[in-house]
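Structure first, commentary second.
Numbering (the UniProt record's numbering), first residue to last: 1 to 323.
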């Protein structure tokens, strides 16, 4: 049990590593026509032609206009067309992100990452003072249970918040009262878990962005694609039949709600772009890197929101113990 306790401390410390963000990677791709052409040159022309044929077929089958379309929202203008060549579409995708999402685009070109720090986040919320009386009573009750269950070595003697940030939380062995002190440890653990997941993701992105050739180009353009999808999802009305936003084919073939019907040309455009990226994964079935890149970009925002949610829960808890 004590071995696990030391391992737990190692995990906590690993969540306290902070890596400063510096300059962008000099070898990162940009949205120039040359880089687009280089990216597409890695792909099989027959597979790209097949993807284009599938896009045309789905548009014809479902009476979707393939003419050039323009979507305007809050000063952001997106122009797209299935008729455009893959080179034109990929170039337009990158230029769109670069023009309207400057910070996000700069982040795509930066191979250094910011690591979150558990102690820093906890100090922002609780400071480094002594715990209030209601939490102190919970600590004493917690220690009393440990002593009665042959776990006296794990008793918590410290009474300041900062010293509590490293206290172990494990509901598998603690079966004592669910008091405020135990709830504090649980909410702190949730933040630790979300920070570890987020930091691991950021470290993985740092490694992936150091790659060259097709892997580098794929990461850049897929990152642009995720930024585009995130923006469009925020501006499009939700599907009335709860078809997942990323299920572009399903939104076209299975749903006739007002939102999916109105945005069918845009959804077909996204489906075509997704097909280009899926082509890379299909052509390299034994190469996990491309699937990893896709996973990391799709989950980066989700993991970040998990951290933010854990922080908000702790802020609410701070109000509770302060009343």
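Even for Gly, the Cβ is constructed at its ideal location relative to N, Cα and C.
Residue i, DSSP secondary structure in three states
{"i": "residue 73", "result": "strand"}
{"i": "residue 112", "result": "coil"}
{"i": "residue 151", "result": "coil"}
{"i": "residue 61", "result": "helix"}
{"i": "residue 26", "result": "No answer about residue 26 holds up, because its pLDDT of 43 lies below 50 and its placement is not dependable."}
{"i": "residue 78", "result": "strand"}
{"i": "residue 38", "result": "helix"}
{"i": "residue 253", "result": "helix"}
{"i": "residue 130", "result": "strand"}
{"i": "residue 175", "result": "coil"}
{"i": "residue 55", "result": "helix"}
{"i": "residue 286", "result": "coil"}
Short Cβ contact (8 Å threshold) for residue i with residue j
{"i": "residue 82", "j": "residue 57", "result": "no"}
{"i": "residue 280", "j": "residue 43", "result": "yes"}
{"i": "residue 222", "j": "residue 155", "result": "no"}
{"i": "residue 182", "j": "residue 142", "result": "yes"}
{"i": "residue 135", "j": "residue 180", "result": "yes"}
{"i": "residue 317", "j": "residue 277", "result": "no"}
{"i": "residue 88", "j": "residue 39", "result": "no"}
{"i": "residue 372", "j": "residue 227", "result": "Outside the displayed range of the chain (1 to 323) lies residue 372, so it cannot be described from this structure."}
Residues near residue i by beta carbon distance below 6 Å, same chain, minus five either side
{"i": "residue 230", "result": "none"}
{"i": "residue 250", "result": "243"}
{"i": "residue 270", "result": "248"}
{"i": "residue 306", "result": "194"}
{"i": "residue 240", "result": "257"}
{"i": "residue 260", "result": "239 and 251"}
Reference residue i; option with closest CA among the options
{"i": "residue 322", "options": "130, 114, 107 and 42", "result": "130"}
{"i": "residue 153", "options": "168, 114 and 220", "result": "168"}
{"i": "residue 113", "options": "204, 53 and 89", "result": "204"}
{"i": "residue 125", "options": "48, 191 and 201", "result": "191"}
{"i": "residue 62", "options": "72, 309, 315 and 268", "result": "268"}
{"i": "residue 158", "options": "94, 148, 177 and 138", "result": "138"}
{"i": "residue 144", "options": "311, 303, 86 and 175", "result": "175"}
{"i": "residue 320", "options": "133, 123 and 74", "result": "133"}
{"i": "residue 262", "options": "50, 102 and 69", "result": "69"}
{"i": "residue 235", "options": "77, 302 and 84", "result": "77"}
Start and end residues, alpha helix (DSSP H) containing residue i
{"i": "residue 279", "result": "264 to 283"}
{"i": "residue 226", "result": "213 to 235"}
{"i": "residue 317", "result": "289 to 322"}
{"i": "residue 199", "result": "180 to 208"}
{"i": "residue 66", "result": "No alpha helix (DSSP H) holds residue 66; DSSP gives it neither H nor E."}
{"i": "residue 91", "result": "86 to 100"}
{"i": "residue 164", "result": "161 to 164"}
Own chain residues within Cβ distance below 7 Å of residue i, not counting five before or after
{"i": "residue 233", "result": "245"}
{"i": "residue 189", "result": "169"}
Closer than 7 Å: residue i CB and nearest the ligand SAM heavy atom
{"i": "residue 261", "result": "With respect to small molecules bound, the structure shown includes none, and the ligand SAM cannot be examined in it."}
Residues near residue i by beta carbon distance below 8 Å, same chain, minus five either side
{"i": "residue 160", "result": "128, 129, 130 and 131"}
{"i": "residue 65", "result": "59 and 265"}
{"i": "residue 289", "result": "208, 211 and 215"}
{"i": "residue 283", "result": "43, 44 and 47"}
{"i": "residue 27", "result": "The predicted model places residue 27 with a pLDDT of 49, which falls under 50 and marks its position as unreliable, so this point remains unresolved."}
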